[in-house]
């Protein structure tokens, strides 16, 4: 099976796609992963990038994971317009799309509700999945305050935070492998 991760540093930090691949392997799933990422960039950057279109259309992926810029998230209309273009390409393939919901920076937990709503709205619009990483992030922080999910910049993930993201994405997709 093949998975394409499209995103930014919240995807590539700690080589999270490799963590996802390792979880798949532990569960008897042979998974190849590819990453198209650029720090600080959202889906709009990827929608304007020919490499994104080419990989989606010709990469023979089973899953495509989509992650938008998080801090700041920007206007929803920008995210939605980019998702429209990317989902049009995905619709021409066999791939199943999944939005990778990110988390808010430390000290801004109240914005998670808005961030979650944006990802869920797009998932509903396109009839696809959303991996609720941001929601699981805050649940984990409240249940296990001794585990620091944040990197020292208090925005990105620590290795434990990246593992939480990888596990959440795996759990979201596991029923359709």
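In this note's numbering, the protein residues as written are 23 to 199.
Even for Gly, the Cβ is constructed at its ideal location relative to N, Cα and C.
Buried versus exposed call for residue i [16 or more other C-beta atoms within 10 Å across all chains shown]
{"i": "residue 85", "result": "buried"}
{"i": "residue 123", "result": "buried"}
{"i": "residue 135", "result": "exposed"}
{"i": "residue 139", "result": "exposed"}
{"i": "residue 129", "result": "exposed"}
Whole-angstrom distance between residue j and residue i, CA atom to CA atom
{"i": "residue 27", "j": "residue 169", "result": "26 Å"}
{"i": "residue 121", "j": "residue 166", "result": "25 Å"}
{"i": "residue 68", "j": "residue 31", "result": "13 Å"}
{"i": "residue 114", "j": "residue 142", "result": "22 Å"}
{"i": "residue 153", "j": "residue 64", "result": "17 Å"}
{"i": "residue 187", "j": "residue 126", "result": "13 Å"}
{"i": "residue 76", "j": "residue 107", "result": "13 Å"}
{"i": "residue 178", "j": "residue 133", "result": "16 Å"}
{"i": "residue 197", "j": "residue 43", "result": "16 Å"}
{"i": "residue 48", "j": "residue 189", "result": "12 Å"}
For residue i, three-class secondary structure by DSSP
{"i": "residue 171", "result": "coil"}
{"i": "residue 126", "result": "coil"}
{"i": "residue 183", "result": "helix"}
{"i": "residue 155", "result": "helix"}
{"i": "residue 196", "result": "helix"}
{"i": "residue 118", "result": "strand"}
Cβ neighbours of residue i in the same chain (closer than 7 Å, five flanking residues each side left out)
{"i": "residue 119", "result": "86, 88, 109, 112, 148 and 150"}
{"i": "residue 61", "result": "30 and 31"}
{"i": "residue 91", "result": "30, 62, 63 and 64"}
Beta-ladder partner(s) of residue i, from DSSP
{"i": "residue 57", "result": "27"}
Proximal residues to residue i (C-beta, below 8 Å), its chain only, five neighbours per side dropped
{"i": "residue 66", "result": "100, 101, 103 and 104"}
{"i": "residue 40", "result": "55"}
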